[in-house]
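Protein chains in written order, with my numbering: chain A, 228 to 551; chain B, 228 to 551; chain C, 228 to 551; chain D, 228 to 551. A virtual CB, placed ideally from N, CA and C, is assigned to each residue, including glycine. Because the structure is a prediction, the values reported are computed rather than measured. See structure below.
Number of protein chains: 4
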Amino acid sequence: MTEPTGSTLTDALAEARRKYRNWGRWGPDDALGTLNYIDDGKRSAAVAVARAGRVFSLALEFNRDGPRSGSRGRGNPIHTMLDSGLEAAAGAQGLPHGFGDADDVVFMPLRAGTHWDGLGHVYDKGFAWNGRRCEDVVTGAGDQVTGVERQAASFVTRGVLLDVGRAVGDGELPDGFVITEHHLRTTIAAQGPSSAIDRGDIVLVRTGQLARCRRLAGWGGYTTGAAPGLSFGVLGWLHGSEIAAVATDTFTVEVRPHEFDPPCVLPLHQIAIPNIGLFLGEMFDTDALAADCAADGVYEFLLVAAGLPITGGVGAPVNPIAIK
Amino acid sequence: MTEPTGSTLTDALAEARRKYRNWGRWGPDDALGTLNYIDDGKRSAAVAVARAGRVFSLALEFNRDGPRSGSRGRGNPIHTMLDSGLEAAAGAQGLPHGFGDADDVVFMPLRAGTHWDGLGHVYDKGFAWNGRRCEDVVTGAGDQVTGVERQAASFVTRGVLLDVGRAVGDGELPDGFVITEHHLRTTIAAQGPSSAIDRGDIVLVRTGQLARCRRLAGWGGYTTGAAPGLSFGVLGWLHGSEIAAVATDTFTVEVRPHEFDPPCVLPLHQIAIPNIGLFLGEMFDTDALAADCAADGVYEFLLVAAGLPITGGVGAPVNPIAIK
Amino acid sequence: MTEPTGSTLTDALAEARRKYRNWGRWGPDDALGTLNYIDDGKRSAAVAVARAGRVFSLALEFNRDGPRSGSRGRGNPIHTMLDSGLEAAAGAQGLPHGFGDADDVVFMPLRAGTHWDGLGHVYDKGFAWNGRRCEDVVTGAGDQVTGVERQAASFVTRGVLLDVGRAVGDGELPDGFVITEHHLRTTIAAQGPSSAIDRGDIVLVRTGQLARCRRLAGWGGYTTGAAPGLSFGVLGWLHGSEIAAVATDTFTVEVRPHEFDPPCVLPLHQIAIPNIGLFLGEMFDTDALAADCAADGVYEFLLVAAGLPITGGVGAPVNPIAIK
Amino acid sequence: MTEPTGSTLTDALAEARRKYRNWGRWGPDDALGTLNYIDDGKRSAAVAVARAGRVFSLALEFNRDGPRSGSRGRGNPIHTMLDSGLEAAAGAQGLPHGFGDADDVVFMPLRAGTHWDGLGHVYDKGFAWNGRRCEDVVTGAGDQVTGVERQAASFVTRGVLLDVGRAVGDGELPDGFVITEHHLRTTIAAQGPSSAIDRGDIVLVRTGQLARCRRLAGWGGYTTGAAPGLSFGVLGWLHGSEIAAVATDTFTVEVRPHEFDPPCVLPLHQIAIPNIGLFLGEMFDTDALAADCAADGVYEFLLVAAGLPITGGVGAPVNPIAIK
């Protein structure tokens, strides 16, 4: 077990830094972090996993009715039309030979919907990934060193779904449920050999919280309140398993409220991103995929989850595609 | 040959409508158009094409220095920071235990960078895809019937690169160069059997215009001036080959200036999108992929080009991934 | 008294339409509504009211911590930097001879902060101001007939503050407090002759709700919950007094919850805007002005409240200036 | 005459710094610069100037067809609808008792249309206004010290129009025309006593360039090419006359191309903003006002030009109102 042995958050963070820090592991110029675990051989094997040709989009729809609350400027995508079929039908466009068109714009926080946290998103004591000073990495012009455009071709690998919600609960873990390494191992065991985790995999953890929002037809506290999620103690497993990324069907991957006394802000993030260089994926909709996995007992797939390469982005909106 | 036999655009459009219109082919409720050519079997075969595990992102970076000119409200993505490492380093965030973070937003036209034109983007005499009135499809709230969120899992298939720029020219076709069906067939013949086109493929046509912009270090008239591109006469081949989509390394897929007397606005679009239901991809950066194909002589790959599912979008920004 | 005599909202609306509708009063092409009450003579007299040269801005600051909740896409202004002093100091701008600069952008709903509701903002049974069909007035391209750019020079007149919060309460009316015509008349009487209302005035009603938010250091339900505000029954006075506009320190001018059984959406708006052609101003910060008025007993001033002329806007963000 | 005596830009800048720097003049905490010249007495006198009640808006309309070119992220305002009369008419809003509404958003650079440059907009050798380090003033969170919200009530004073275009030219000065102090004095003399400049005035200089754009129905090089404007040599007059601000009907106030050898970026700005603390207003539409002044021979007026108080803004969009 890798539960924090320190009795306080400060101790736990210090221990985690000492044990899991990957700085320098891939050279001083690295901009890929744990995505370095993926290579041509890994991808070649991942492609071979997909046989049936069934395909799943793991993205929430991006729209103004999404889960974000709007605090600190972080609202939902606002999609509006520059021109629509109404203007075209009204003959207001002045275009010849029967031609008409529509066009649109969007304003959105990069973490508004399904997204990868970029390596420049979170810092630990002023340090960003690989031991760089955060002010040298992410300026007003964006992430100059590890922006999401640098991982544009990197999120292609074997994916494995760990449906903890089904294996440990009745499909939906309650809010505040702390997922430990034990729960992950129990889930892997219950699901069978296709969910064995290998180096370079991207692990999708399904808690069922998103399914609950869907069932209750409302976001409730999805981005602001309690949520099931990974224990701080899972960091050892995340680090040791050498996975390329982990994503969940929740807003923060890690459990809320946190396991330490307040005030406390995303302690798992604080170790995972700047220290391990691990990519965290949030608000991945794994429900349809999970149903398929439950049906055929196969929990592995080719995952192509290439985020939009917005130069300097510290987050990447993404439409992750799982192919079985 | 399928060159337009009419001597005028009006005649050419009329003939093309008569010959290529696919309305009703996939039922009255269809929202997928030519993506219907892709099924599990097609995808299963497409995955088998990828063996080496080499991967290519075909997206331009999304940023304010992109190719759009800004006319009619259609500029480049504006990416700005809500918070950056500078605020974190300055201790201005007020967060405990050494935690700091950065966050960002983007404002962009959905067709600002690499994108798919949605089925709701272009109309022919007031009709959108499948014979629906455009004003019933795309309102101020976006595309209510064929929005890009409905194709969220659809752009997964075999891709084939037709490097016309290399096969017909010296790597870069001049601006205004009209690519005919003959050129496409010549390219296929020159490239060999891996570039034979099958039903459900997505065809990437490389003209070399983007390479020229890169070489000259400037966008020039990339989105506003002359460009190499498909002849109106290629519509017959696009329709008859039953491909799922076609994309180019140019701004409009079709040649500019158009082959008909002005005023003339995107006549190929006018047939392809609302009549054929064909998806057009624009500003796909195929240069690195093309170099790889030229090197190993293999022009086919698994293509996963799932756009961001912005609800009601008439365009989908995308980071297309080719896996060989 | 002008309380609605009908027992239901439907009756009340019908009666109000019959009594207060100003359609055609200023000709078929009118785009000014009650602002027509202001003419050169009125403005000349209004200017003469200002003697001391004391000046007050009545705008809330526009920023991401504003009062909007974000529902239906209506959040707070998001102001971000394209470049800042940090880039300039870092020498990242590449500009010669010691020159450096910063630049910024904003994304905001036009009704995010202090604003005028445009004449195109609200409809009654499908009719916009002056009896036009709403779909003929406000399309996806904005308000084609009465957009806020058409009143760019119109909000200059005598302003009168009615500090109902002080005159009727202890400075802050409780949420849900229904301000009747009686309360307005009581306030005018209490404040003395400088607050007599004349044709063409803009009336500012201070409820004290904004002061309460300031005192409690939080927006609470300012835009979503109960609020003090004008009774539906005040419409007769608003119409008969021939004022040019009315504004409050609340989000909706009218009381919330409304005085009719639910479901009910802004019934005073429904009469005031499309039927009377009356401009409503919302989130006007009258606290400093009110303190000054209480101190010197003078409640009239020159008001220059020219909104930003965004073409086709159905709302106008504004920095209203009162000069005493 | 106050023409630069140095033969080079470096010398000219050095001399201008030595002669015109106002740092510390209004204390170390100042956020108003030359607006400090305006006080209650000045405003009281300014109000007395307005007698006839005629009113003029000096703002360009804010829309996507504005003059900005889009380079470096600085495009035109993009105004789009969240809901319009079309949705209301279609019954798509689901609102009761005949209620319908429309709402809109805007995305815009703060300097996209008629605006004041904020004190945080331009730096000289790393220094912002009052001798502060630019990186201490304007961070990613905006201007922390001199943001435009701090001048929310400050732009109220006597305005004077100097119609150099009419007095020196035929109504339109040619592009590249260098307006010297001599031209300003000639204009004042030609216009008569109402255009004598006093301490605390805001001076509007009309070149006629905007009129030319209007006449030619196109922006041409309005924001990117040559333009008439103030000579660097006018800085002495701007400083010595103790005016509160100067605005023009051009994009940069100062002449383009500049009077010094390239490369050269806005040398008048570099002295005026960070050294003098002078506010510059750009793209003020003075044409209608100028016609009125020419007709009655009165060139003074009450000017209320309060920008939108966007917290931390380094520019303030404004609808300036002149009242004669």
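*Out of C:E288, C:I498, C:L493, C:V525, which has the shortest C-alpha to C-alpha gap to C:N249?*
C:I498
Taking Cβ to Cβ, would you say D:M335 is nearer than 8 angstroms to B:G367?
-> no
Anything in chain D within Cβ reach of B:A368, meaning under 8 angstroms, just list it in chain order. D310, E314, A319
By DSSP's criteria, C:T194 is part of a beta bridge. Which residues make up the other side? Past the edges of chain C, shown from 228 to 551, lies residue 194 of chain C, and the structure says nothing about it.
Less than 8 angstroms between the C-beta atoms of D:V282 and D:I550, yes or no? yes
Q) For B:I559, which of helix, strand or coil comes out of DSSP? A) Here chain B comprises residues numbered 228 to 551, so residue 559 of chain B is not present and cannot be evaluated.
Using only alpha-carbon positions, find the residue among D:A532, D:V332, D:F487 that is nearest to D:A471. D:A532
(Q) Can you tell me whether C:G504 is buried or exposed? The criterion is at least 16 other CB atoms within 10 Å of its CB, across all chains shown. (A) buried
### Message
I need the straight-line Cα distance from B:D266 to B:A277, nearest angstrom please.
### Response
17 angstroms
Between the stretch 312 to 328 of chain C and the stretch 474 to 483 of chain D, are three or more C-beta pairs nearer than 8 angstroms?
-> no
*Host beta strand (DSSP E) of A:G327 (start-end)*: 326 to 328
- Message: For D:A317, tell me which candidate among C:R426, C:E288, C:R360 has the shortest Cα-Cα distance.
- Response: C:R360
Member of D:F511, D:A518, D:S284, D:L495 whose CA lies at the smallest distance from the CA of C:V375: D:S284
**OP:** Would you mind telling me which residues of chain B sit closer than 7 angstroms to C:T307, beta carbon to beta carbon, in chain order?
**Re:** T307, M308, L309, V332
Check: What number of angstroms, rounded off, separates the C-alpha of B:L490 from the C-alpha of A:D330?
Finding: According to the sequence as given, residue 490 of chain B is Pro; it is not Leu. Their Cα atoms are separated by approximately 21 angstroms.
task: Would you kindly report the start and end of the unbroken beta strand (DSSP E) that includes B:E509?
output: 506 to 509
Whole-angstrom Cβ separation of D:L462 and D:V432, contact assumed at under 8 angstroms?
-> Their Cβ separation, rounded to whole angstroms, is 14 angstroms, which puts D:L462 and D:V432 out of contact at 8 angstroms.
- Tell me whether A:A273 sits in a helix, a strand or coil according to DSSP, three-state version. helix
(Q) Please return the same chain residues whose Cβ sits closer than 7 angstroms to the Cβ of D:T407, not counting the five positions on each side in sequence. (A) S458, G460, V461
Roughly how many angstroms separate the alpha carbons of A:V383 and C:A515, rounded to a whole number?
59 angstroms
- Query: When we look at the beta-carbon of B:R295 and count the other beta-carbons within 10 Å, is it buried (16 or more) or exposed?
  - Reply: buried
- prompt: Span of the alpha helix (DSSP H) holding B:A578?
  reply: Missing from the structure shown is residue 578 of chain B; chain B here goes from 228 to 551 and no further.
From D:A241, D:K246, D:D238, D:R270, pick the residue whose C-alpha is nearest to that of D:D428; which is it? D:R270
Subject >> Contained alpha helix (DSSP H) runs [length at least 4] in the stretch 421 to 509 of chain C, N- to C-terminal order >> reply: 436 to 443, 462 to 467, 494 to 498
- Message: For C:I265, report the span of its alpha helix (DSSP H) as first-last.
- Response: Here C:I265 belongs to no alpha helix (DSSP H), and DSSP marks it neither H nor E.
query = Which value, in whole angstroms, describes the spacing of the CA atoms of A:P420 and A:Y526?
reply = 9 angstroms
TODO: May I ask which residues mark the beginning and end of the alpha helix (DSSP H) holding A:R244?
DONE: 236 to 247
Task: Buried versus exposed, by CB contacts within 10 Å (16 or more), D:D205 - done: The question about residue 205 of chain D has no answer here: the residues shown for chain D are numbered 228 through 551.
What first and last residue would you give for the beta strand (DSSP E) that runs through D:T414? Per DSSP, D:T414 belongs to no beta strand (DSSP E); it is in the alpha helix (DSSP H), 408 to 418.
> Which same chain residues, not among the five before or five after C:Y264, have their C-beta less than 6 angstroms away from its C-beta?
Replying inline: R426, G427, E469, A471
Query raised in the report: Would D:R299 count as contacting chain B if we go by Cβ distances under 8 angstroms?
Result: yes
Member of D:F506, D:Q320, D:G445, D:V365 whose CA lies at the smallest distance from the CA of D:L259: D:F506
- prompt: Shorter than 8 angstroms from the beta carbon of C:R360 to some beta carbon of chain D?
  reply: yes
If you measure between the beta carbons of D:A339 and D:G293, is that distance less than 8 angstroms? yes
Only counting the same chain, and skipping five residues up and downstream in sequence, which positions put a Cβ closer than 8 angstroms to that of B:R439? E399
Any Cβ of chain B within less than 8 angstroms of the Cβ of D:R338? no
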